[in-house]
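Residue numbers (this note's numbering): 107 to 461.
Here is the structure we will look at.
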């Protein structure tokens, strides 16, 4: 019996919808959303309404009125072990409340649950950003009121780590790997024994990216917060969405930034070089987490398509371990693979906790 799975991925700048049948992609649509359009949405309700219309328009045009399962990108959920989870009322409630923060990915579970109820099927999410396998030492920040926690590009990070292991005749569970995900946010993570034991939280720390600040000088940030010039939302946007390359250069499309670099823009080159420098420092830090025992350094994500970034990073970290590049990400495929494993009985869906 063929299994048809609808995949929904609500990203920070796009909505992706795809239909798969037994692992084969039948079609995929990507709708890009201008930054100005998304910034005008002020509440979770407005974001859901906006993305719902985009998804419903695609389904209507594609004449989709039922599937065997729905797979959605995971949002800012509770800390969870790696795996595939059934979308339940508790998860949807958490996404509506967005108490751990709002991200566009929060919307996917809400929309998937609505469609699952309509079509009398189940919705699933695999390796959400809140996958937390950090060890106790990794949680120390320097103050007990501010523990470090895991928030990362777990879906793509774990998918490429497993892919590398398969291609090299290894088991992911027996490999020691650093994975660098280069997207709108950046995650540098250390993997050993099949677990992601430490990482840079892509919302709060680590290297700056095209639109996020990463780690900031804390005393300077405290002074800025209490200067009276900024609200909480102002500072949140400054850190997450309007920081990084965008703050320095007024542009977050890396392709356009690299056009400026190749055109001789010295400032643009310095900013990109600084980002590469920061990424390399965190790769070095994760190498110490693994005590220098490294089977591979893997570079992935959208920015891994850019040779300047890939080669610049290799110059700084290539001496640590064999260096592999898996450009882009296929979260859609990874999401449907998780749901398909459940439908085939190869994996048991985990239950998302209600408390």
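By construction, the Cβ of each residue, glycine as well, lies at the ideal position given by its N, Cα and C atoms.
| Asked | Found |
| --- | --- |
| Residue environment, residue 256, which counts as buried when at least 16 other CB atoms sit within 10 Å | buried |
| Contact between the stretch 436–446 and the stretch 227–234 (3+ Cβ pairs under 8 Å) | yes |
| Length of the line joining the Cα atoms of residue 325 and residue 454 | 47 Å |
| Short Cβ contact (9 Å threshold) for residue 111 with residue 174 | yes |
| Same chain, Cβ closer than 7 Å to residue 124, neighbours up to 5 away in sequence not counted | 113, 131, 133, 134, 438 |
| DSSP bridge partner residues for residue 237 (one or two, in chain order) | 186 |
| Closest residue to residue 317 among 334, 127, 292 (Cα-Cα distance) | 292 |
| Paired residues, beta bridge with residue 434 - DSSP | 407 |
| Close Cβ partners of residue 271 (< 7 Å) along its chain, the five nearest in sequence each way excluded | 277, 278, 281 |
| Three-state secondary structure assigned by DSSP to residue 325 | helix |
| Own chain, CB closer than 6 Å to residue 189, minus 5 neighbours either side, in chain order | 456 |
| Those runs of the beta strand (DSSP E) which lie wholly inside the stretch 155–229 and span at least 3 residues | 175–178, 190–192 |
| Residue 115 - DSSP class collapsed to helix/strand/coil | strand |
| Beta bridge counterpart(s) of residue 287 as assigned by DSSP | 293, 406 |
| Beta-carbon spacing of residue 360, residue 386 below 9 Å | no |
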